[in-house]
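*Asks:* Residue numbers (the UniProt record's numbering), protein chains in the order written: chain A, 1 to 426; chain B, 1 to 426; chain C, 1 to 426; chain D, 1 to 426.
Protein chains: 4
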Amino acid sequence: MENTENNKTKSVAGEGGYMLEDVPHLSEYISHLPAYVNPLQDNPSYSVVKQNFVNEDDSVTQKVYFESDEVLACIVTCGGLCPGTNTVIRELVCGLHYLYGVSSVLGIEGGYRGFYSKNTITLTPRFVDDIHKRGGSIIGTSQGGCDILKIVDSIQDRGINQEIRKRGLKVAVVGIPKTIDNDIPVIDKSFGFDTSVEEAQRAINAAHVEAESFENGVGVVKLMGRYSGFIAMYATLASRDVDCCLIPESPFYLEGPGGLFEYIRKRLKENGHMVLVIADGAGQELITENMHTIDLQQDASVNKSLEDIGLWITQKIKVSSVLVLAFDVAKSDPTYMIRAIPSNASDNIYCTLLAHSAIHGAMAGYTGFVVGPRINERRNRVVITDRMWARLLSSTNQPSFLDPKDVVEAKKERAQPNQLLSGDNP
Amino acid sequence: MENTENNKTKSVAGEGGYMLEDVPHLSEYISHLPAYVNPLQDNPSYSVVKQNFVNEDDSVTQKVYFESDEVLACIVTCGGLCPGTNTVIRELVCGLHYLYGVSSVLGIEGGYRGFYSKNTITLTPRFVDDIHKRGGSIIGTSQGGCDILKIVDSIQDRGINQEIRKRGLKVAVVGIPKTIDNDIPVIDKSFGFDTSVEEAQRAINAAHVEAESFENGVGVVKLMGRYSGFIAMYATLASRDVDCCLIPESPFYLEGPGGLFEYIRKRLKENGHMVLVIADGAGQELITENMHTIDLQQDASVNKSLEDIGLWITQKIKVSSVLVLAFDVAKSDPTYMIRAIPSNASDNIYCTLLAHSAIHGAMAGYTGFVVGPRINERRNRVVITDRMWARLLSSTNQPSFLDPKDVVEAKKERAQPNQLLSGDNP
Amino acid sequence: MENTENNKTKSVAGEGGYMLEDVPHLSEYISHLPAYVNPLQDNPSYSVVKQNFVNEDDSVTQKVYFESDEVLACIVTCGGLCPGTNTVIRELVCGLHYLYGVSSVLGIEGGYRGFYSKNTITLTPRFVDDIHKRGGSIIGTSQGGCDILKIVDSIQDRGINQEIRKRGLKVAVVGIPKTIDNDIPVIDKSFGFDTSVEEAQRAINAAHVEAESFENGVGVVKLMGRYSGFIAMYATLASRDVDCCLIPESPFYLEGPGGLFEYIRKRLKENGHMVLVIADGAGQELITENMHTIDLQQDASVNKSLEDIGLWITQKIKVSSVLVLAFDVAKSDPTYMIRAIPSNASDNIYCTLLAHSAIHGAMAGYTGFVVGPRINERRNRVVITDRMWARLLSSTNQPSFLDPKDVVEAKKERAQPNQLLSGDNP
Amino acid sequence: MENTENNKTKSVAGEGGYMLEDVPHLSEYISHLPAYVNPLQDNPSYSVVKQNFVNEDDSVTQKVYFESDEVLACIVTCGGLCPGTNTVIRELVCGLHYLYGVSSVLGIEGGYRGFYSKNTITLTPRFVDDIHKRGGSIIGTSQGGCDILKIVDSIQDRGINQEIRKRGLKVAVVGIPKTIDNDIPVIDKSFGFDTSVEEAQRAINAAHVEAESFENGVGVVKLMGRYSGFIAMYATLASRDVDCCLIPESPFYLEGPGGLFEYIRKRLKENGHMVLVIADGAGQELITENMHTIDLQQDASVNKSLEDIGLWITQKIKVSSVLVLAFDVAKSDPTYMIRAIPSNASDNIYCTLLAHSAIHGAMAGYTGFVVGPRINERRNRVVITDRMWARLLSSTNQPSFLDPKDVVEAKKERAQPNQLLSGDNP
C-alpha cells in the first residue's frame, strides 16, 4: 500500500483554487490527535472571507492541529540561489507569526547540512522585515550535498516523511520547490522565474548592442537551464532581439545543411549581426562527442571549462567560420547576476502565496507535500511542439533543427497533458 | 435580435485556451466570402504545431478570409499611456508581416481623432523593431475625445462594427483593451499591469525610506486607480512596506473610532513612522462632502487641485493630527513615471500573445471582438471579500474600515463569479 | 580679533589637495595638549604612501591629538534626506575604526534635537556594513529645528565651536555639508548630487515620453532647488529632452512677447510637444504677485498648495493657453523618489573621501571646520553668465528671458570668482 | 624640427579651463587662410557669455576658419564599445548644427576601415535625437584593424595630420579618446568611466550575495582593465563589499606566506565568505609561467580560454584550496554588460563637454589634437603609491602583495606628476 502511495502525487490546496490530492495527514498515523479552532477565524483581516469558510466546508482552514505555543518551525534553504528565496523566508516567518501566532521560528544555517552541523538563527518578523529587498538567502544554502530534486523526491517518496511517520512524530514537512530553471518535476511555475527572465533580457539586450556595433558581430548569451530551456525561451520572447535560441529540449547540429553554422552565416549575410541565446544544457551531446576527439591527457580544469556550452560554442563559431567571414564574437554569462538579484514585484506576491499555502497546509495537519500551482509528475520541460515554442521560432525565424525522427517523438510528447508555462497563460 | 446580441459577450479564442463565444464573423453579413488556406500551415515555425490544427478541428486557424495582398491593417491607440503599448504595436506589425505576409500596415496618428484629422505612419517591421524598448505610443494617442470604455462598448455594441456591417464592408475590427488600472469591464488582466506594479513598488519604497528617517514620518503614495484598486493592492502586497492601503472598493472614514486618523496615530505610536498607499479614486465621496464646507467662490484651478486625493489627504493628515503629534508628511505621485516606462519582460510576452490573438482572429474573419483572457462583463474591481484583499489587510494590519452594512453588500458581490486577478492565480 | 576670524573661511585640507586655511586647532586654546604618533604610519595599507608624509612635511597627518581609546565620536544627521547620507555614516564608522582604532561611535537619533531628547545608537563596522545600499539615514534626521545652513553657519561662526573653546573642552567639531540642491554656501559640490541628477533624468525621460505621445503634450517636471537650479540644469543637460529649464537664478515672465507662454506656443507649433523643467524656487515672485489677486480668505492648506510652483505653472499653462491650443499637461514631482534612493557609485566614492577628510582633520586636532572641495563663502548658485548655462540655453533653444537690466547685473556677478560646478570640470 | 614636435604634447583648450598647448593650426601650412566671425557671437544662448570672449582675448572662439556651408564633417568610432559613444556622436551632430550651422555630417560606418570600404550614414539632429539613450555605436565600430592608441598616436605623431598637411588640405582632425579602461596615454578621464564603474558595482554586488549565501563562498568578478586597474579600483571603493582587488599595476603571487591563497584562507576563516575583484590584465605573468608547465600540444582555443584570468584564477582557487577548505566559487564576467549600456547622467554631460570642445577647436582652425582634461603623455595607470590605492587597501584590508623591491620602484613612479583619477578629485 505504501508503494502505491509513492507513485501518486501528493499535492495540497493552495489558497485560491489549488487542489488537495492524496496528501498525507498527521491524523493518519497519530491517534487521538487533538484539533483546534483555526485562529484565522478571529483574525479581523479574514473576517469577511471567514464566513465563506463554513459555506465551502473548507476543512483545511476550519481546524488546525497545532497550537500556536507548541509550534517550533524550522526553515531550511537548499541548492543554488534563486530570486525570491528571502521573500519566501520572510513570508513564512511573518505568516506564522501574524496569521497563527507562532513565534518560534528557526532558520537552519547553510542548507540541509545545517540540520546536523551548524547553528540556527532565530527568525522574528523584525529580523526578516527587509530581507525581501536583498538577493540570496539570509540563512545560507548549500549545493551538492542536497539536491533540490532529491529533497522533493524524498518528500514525495516519504523519505523524510516516512521516517517521521514511523516514529509517530507530530511533525509536518512541507516543501516549496525552488529552481531557477523552472524544471521542477512537480509544479508548473517556480518562484523567481519572472525576475530571472527580466534580468536575462538585460543580458540579451547588451549582447544585441554589442553585436549590432560590429560588422558580422555575433552575441552569445548563455542562460541557466540544464534540463529545460524555459528561461532561454521566455527571455528570447520578451527581448525580441534574438536570432537563435538553443535549448536542451530541441536538438541541433553545427555543420552541414540545416545546421547552426549555415544559419549563422545566412543571418550575418542578411543583417550583418546576430544574437544567439543558449541554455546551459543545450547541445551537451555535441560537447561530449567533441571531447573524444581532443587529447584527454590534459589538466582536469581545462576539461571543465570546455563543458561550458557558451564558451565552447563561442570558440567553435570563431574557428569554424573564420574561412567564410571575419567576425567578432562576444560571450556573456549572466548566470550569477541573475541568481543573486532580489525578486521583482510579481514574484514577491507569488512567494507570499506559496509561503501562505505552506503554512495553512502544515497548520491544518498535512505533511509530506509540496506547494505550487497545477502539480504534475513529470519533469517540467519546454514542449517543442507547443505553440509557445512555435511562436519563438517564428519570432527569431530560426530553423527548427529538427529531423523527421525528432518530429515524431515530439508529437508523442505532445499527446501528454500540457503545462501552464509551456502553454499560453503567462 | 440585434438587442439580444448586445447583451451577450463577444469573445474570441486566444491562442492557448481562450474561448470563442458568440463573436460575429464576416461571413454572417457578406455572402460568398471567399476563404483561403492559412499561410501559417506552410510556416516552418508552426510546422510541428500545425499537425495539431487539423486534429483539433481548429477552425480559427484552418482558413483565413483575407489574402495577404488585399489586407490594409490600421492601428490606433487611444486613452492614457500604459506600459506595453509599443510592444503591442510592434507585435501587430511583425505578426501580420511574418505570420501572414501582410505588408500594408498603417498607424493612425494621435488616437481616434486621427482617423479623420491626421496623417498616418507607414509601419514596417524595420520601423517598429526597437519600439518595445521605449515607453509611450509611437503613433500617439489622445484622451477625452475617445474613452477606452466607450470604444470597447462601441465595439461590443457594434457601434463601429454595426455600421461596417450595414454597409457590407469586408472590415474586421478588433480591440485590445488597455487600462493601467486593470478596471476594464471585459477582461481580467490588462497588459502593462505587471510593469506598473513594479514601478509603483519603487515609489512605495522611496516613501518608506522617507517616512522611516523622520520622527512620526508619514509617507503618502497616490497610485492610479479611479474605479479599482488593483495597482494599489498588488503594489502593497509586493512591497511589504505599507501600513495602510486605501482603494475605491473599500470605503473608509477619517475621524472617530475605527477611522483612518485613529489608525495613523496608533501606528505612529507603535513604529514611529508609516506608509499610506491610496488609489486615485479612493475616498472621493469624502472630498465631495468636504468641498461643500469650503467657500466655493474660488478659482476653478484651486478646486481641481483639491480633487487630488493624495494632496487632500496629505493636508488633512497634517492639519488633523497636529494636536496630537508633530509629524512630517511626504507625498509622492508617481503616476506619470509609471505610465511612461517600457514594459517589463512578462508584459512583453503577454503583449505578444494579445497581438497574435488579435491577428489570428481578424485573419480568420472574426470582427467586433476584444482579446484577452477570461472575458467577463462586469467592470473589473477588487473583491474585498476575497482572500487577496484579506491577505493585504493581514499584511498591513490595517483595519477593514467596514461597517456591518458594507459587509453584507460585499458578500452579495462575492456570490458572483470570481476574477483571475482578484483570485489567487497570479 | 574673534570678529575678523568670523569673516574668514575655515577650510581644511582634504586628503588629496584641498587646502588648509585658517582652521582653528585645539592647541590654540588647550595648553599642553599632548600629541601622538599617527597610527596610520603603521597601517600597512598606507605604508608606501606614508613615506611621502615625511618628505612633504605633512603636519596634518604626522601627529594626532587624540588617543584611540579616549575618543568618543558622535554622528548626527540633520535636514532633509539626501542620497549618500548612509554612506557617509558608514565611512565615518569604518574609517574611525580601521584607520585610527576608534571603537566608540554613537549615532544621535532624530537629528540635532536628538542631542537632548533621544536615545543614541551604538555604531559598529558590522552594524553599518550594508547601510550604504539603503536610502535615507539610519540614525534618522529632522527638519525645521535644525537648518543645515544654520549649523554650517554656527560651526563657521564658532557658535558651537566657540562655546566648546570657552569651556576649554577637548572636542573637535566637523561638518560634512549636505544639501541635495547643491546650494551650500561653503563648498562646491555636495554629496548625492550625481545620484540626484541621475534620478531626475529618469523623471524627465518619463515626462518626455508622456508629452511626445499626446498632441500638444506638455510635460512639466518640478525638481528640487529652492535657491539654486543645479539639479535642474544638470538634469536638463544630461537628458537632452528638455525644451525649457527654469531656475531661481534666471528670472522669467509668463505673458507677452519673450515670455514663457509665447515660447511654449512656439515650441508646440514646431514640435507638437515639449518638456518643461522647473526648479522648486523658480518664479516664486510670480506666485506671490498672483496670490494678491486671489481671495485670501481661503483655507491655509489651499494657499500652501498654490506655492507649489510645479502645480501652479501647470494650472497656468492649462488655463492661459486654452484659447490658442488644446493640450495635455502632465505634471511630475519626483522629489521624494530622488531624496530616498541610495547613492550611486561615484557618490559612494565621494562620500568616502569626505568622511575620511573629516576623520583625518579631527584626529589631527582641528575643529570648527567643514570638509569639501574648493571652499568658497558665497551661497552656491548657478552663474547664468557662465558657459554651462549658455550650453543649456543652446541645448534647449529656450530664450534667456533676460532683459537688459538683468544682463548688466549678471555681468557683475560674473566678475566674481567662479565655482567648480558652474564651471566646466564636472 | 618635425622630431621635436613629435615629442611635445598637442593639447587644446576645452571650454572651461583646459589649456591650449602647441596644437597645430591650419594657418601654419595653408597660406592666406580666410577667417570668419564666429557665429556663436550671434547665438542668443551665448550672448551674455559672448561679452567675455573679447575681454579674455579668447582667440579660439573669436574667429573661425570654416564657413558653415563649406564644412563636411565626418565621424568615425573605433575600438571596443564604451558607454557614451552615441552621446558623443549626438552632441557632435547637434553642436555642429545648432552652434555653427553645419548641416553636412557623415557617419563612417564600421570603424576606421569604413573610410575605404563602407557606406556612410547621413547624420542629422533628428536622426541622432534619441541615440544617447542606447548603448553601442550607431555608426558601428571595429576592433583590431584600428587600435585606439594607434590612432591617438598617429594624430599626435601627425600620421594622419601630417599627410593632410603635406598636401595642404584644409582638413581639421580631432580625436576624442575613448577607452573603457581609462588607460589612455594622453588624458586623465575617459568618457563612460562613471557608467562602467556603476555597472561593475552591480556585478560585485551579485557576487557578494552569492558568496555570502554559501559556506566558504568565494565570488570572483573579472573586470575590464588590461593595462590599468581603474575600473576595478573604483568599483571596489564604491561597492565596499570586496575583500581583495587585484590589478595589473600591483603584482601578486598565489602560494606561500603573504600570497593570495593564504589571504583567501584567512578571510574565509574570519568571515565565511569573500569577494575577489580582478582586472583583466592582472597576474598575466602568472598565467604565462603556468602555461609552460602544461602540455602545449593542445587546441588553440583551449589556450585562449586559459588566458582569461578570471577563469584561470577561479580554477586555481578551486584546486589549490580543496585540501584546506571545501568551498564554492562563483565567477562572473560582466564585461559585455558593462560595455553595452547607455551612459549615465554625469557621463552624458561629460560627453557633451568633450564634443563641444572638439567642435570649437576644429572650427577655430586647430587640427591634429585630442580633447580631454589635463593632458599628460604617459599611459594612465593606477599609481599604487598614491592615497587612492592606499584607501582601497585599507577598505578591503587586503595585503599589498608588495616586496621591498616593488616599493622602491613604486616610489620612483610616484616622483612623476600625478593624475586626476589616481588623485583625490573625483
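Note that beta-carbon positions come from the ideal geometry of N, C-alpha and C, so glycine has one too.
What residues are listed by DSSP as bridge partners for I138 of chain B?
*Replies:* I138 of chain B pairs with nothing; no bridge assigned.
*Asks:* Taking any Cβ of chain A, which residues in the stretch 225-247 of chain B have a Cβ under 8 Å from it, in chain order?
*Replies:* Y234, A235, L237, A238, S239, R240
*Asks:* Based on the DSSP secondary-structure assignment, which residues constitute the bridge partners of S213 of chain C?
*Replies:* In the DSSP output, where bridge partners are listed per residue, S213 of chain C has none listed.
*Asks:* Going by alpha carbons, who is nearest to S395 of chain D out of C:S239, C:A355, C:P83?
*Replies:* C:A355
*Asks:* Examine the Cβ distances between the stretch 231-240 of chain B and the stretch 192-211 of chain B and report whether three or more of them are shorter than 8 Å.
*Replies:* yes
*Asks:* Unbroken alpha helix (DSSP H) runs of length 4 or more, entirely within the stretch 235-298 of chain B: which are they?
*Replies:* Listed in chain order, they are 260-271, 284-293.
*Asks:* How many angstroms separate the CA atom of A282 of chain D from the CA atom of C78 of chain D?
*Replies:* 25 Å
*Asks:* For the ligand GTP, any of its heavy atoms closer than 7 Å to the Cβ of E289 of chain B?
*Replies:* The model on display carries no ligand, and the ligand GTP is accordingly not part of it.
*Asks:* Under 8 Å between C-beta atoms, does D42 of chain A make it to chain B?
*Replies:* no
*Asks:* Under 8 Å, CB to CB, which of the residues in the stretch 350-363 of chain C have a partner in chain D?
*Replies:* Result list: Y350, T352, L353, H356.
*Asks:* Note down, in chain order, each residue of its chain lying with its Cβ closer than 7 Å to the Cβ of K133 of chain C, except the 5 sequence neighbours on either side.
*Replies:* The answer, listed in chain order, is P342.
*Asks:* DSSP state of F369 of chain A, grouped into three classes?
*Replies:* strand
*Asks:* According to DSSP, is L72 of chain C helix, strand or coil?
*Replies:* coil
*Asks:* Would you kindly check if the distance between the Cβ of G101 of chain D and the Cβ of S68 of chain D is under 8 Å?
*Replies:* yes
*Asks:* Just verifying my parser: in three-state terms, what is the DSSP assignment at residue 463 of chain D?
*Replies:* Shown here, chain D extends from 1 to 426; a query on residue 463 of chain D therefore has no answer.
*Asks:* Tell me, please, whether the CB atom of V174 of chain D is closer than 8 Å to any CB atom in chain C?
*Replies:* no
*Asks:* Rounding to the nearest angstrom, what Cα-Cα distance links S45 of chain A and K189 of chain A in this structure?
*Replies:* Taking the straight line from one Cα to the other gives about 28 Å.
*Asks:* Are three or more beta carbon pairs between the stretch 104-122 of chain A and the stretch 380-391 of chain A nearer than 8 Å?
*Replies:* no
*Asks:* Following the continuous alpha helix (DSSP H) through S332 of chain B, name the residue where it begins and the one where it ends.
*Replies:* From DSSP, S332 of chain B is part of no alpha helix (DSSP H) but of the beta strand (DSSP E) over 329-332.
*Asks:* Is the beta carbon of D280 of chain D sitting closer than 8 Å to the one on I317 of chain D?
*Replies:* no
*Asks:* Does any C-beta atom of chain C lie closer than 8 Å to the C-beta of R391 of chain D?
*Replies:* yes
*Asks:* Where does the unbroken alpha helix (DSSP H) through T335 of chain B begin, and where does it stop?
*Replies:* 335-339
*Asks:* Run through DSSP, which three-state label would N303 of chain A get?
*Replies:* Since pLDDT at N303 of chain A reaches only 46, below the 50 mark, its modelled position is unreliable, and no value is offered.
*Asks:* Are the stretch 352-370 of chain A and the stretch 220-235 of chain A in contact at 8 Å, needing three or more beta carbon pairs?
*Replies:* no
*Asks:* Using three-state DSSP, classify H32 of chain C as helix, strand or coil.
*Replies:* coil
*Asks:* In the DSSP assignment, find the alpha helix (DSSP H) that holds I349 of chain C and state where it starts and stops.
*Replies:* 345-363
*Asks:* Consider the Cβ of M388 of chain C: report whether some Cβ of chain B lies at a distance smaller than 8 Å.
*Replies:* Not one chain B Cβ lies under 8 Å of M388 of chain C.
*Asks:* According to DSSP, simplified to helix, strand and coil, what is V88 of chain D?
*Replies:* helix
*Asks:* Per DSSP, which residues does T120 of chain C bridge with? Please list them.
*Replies:* C:I108
*Asks:* Please state whether DSSP places K170 of chain B in a helix, a strand or coil.
*Replies:* coil
*Asks:* Please report the distance separating the alpha-carbon of I247 of chain D from that of K331 of chain A.
*Replies:* 23 Å
*Asks:* Nearest-angstrom Cα distance between S250 of chain D and S400 of chain D?
*Replies:* 8 Å
*Asks:* Short of 6 Å in beta carbon distance, which residues of its chain neighbour R165 of chain C, apart from the five on each side in sequence? Order them along the chain.
*Replies:* Around R165 of chain C: Y29.
*Asks:* Check the C-beta distance from L392 of chain D over to C244 of chain D and give it rounded, since I have them as a contact under 8 Å.
*Replies:* Between C244 of chain D and L392 of chain D the Cβ distance is about 10 Å, and since that is not below 8 Å, they are no contact.
*Asks:* Would a check of beta-carbon distances place P366 of chain D closer than 8 Å to chain C?
*Replies:* It is Tyr, not Pro, that sits at residue 366 of chain D in the sequence shown. For Y366 of chain D, the answer is no, since every Cβ of chain C falls outside 8 Å of its Cβ.
*Asks:* To be precise: take each residue of the stretch 82-116 of chain B, compare its Cβ to all Cβ atoms of chain A, and keep it if any distance is under 9 Å. Which residues remain?
*Replies:* T87, R90, E91, C94, G95, Y98, L99
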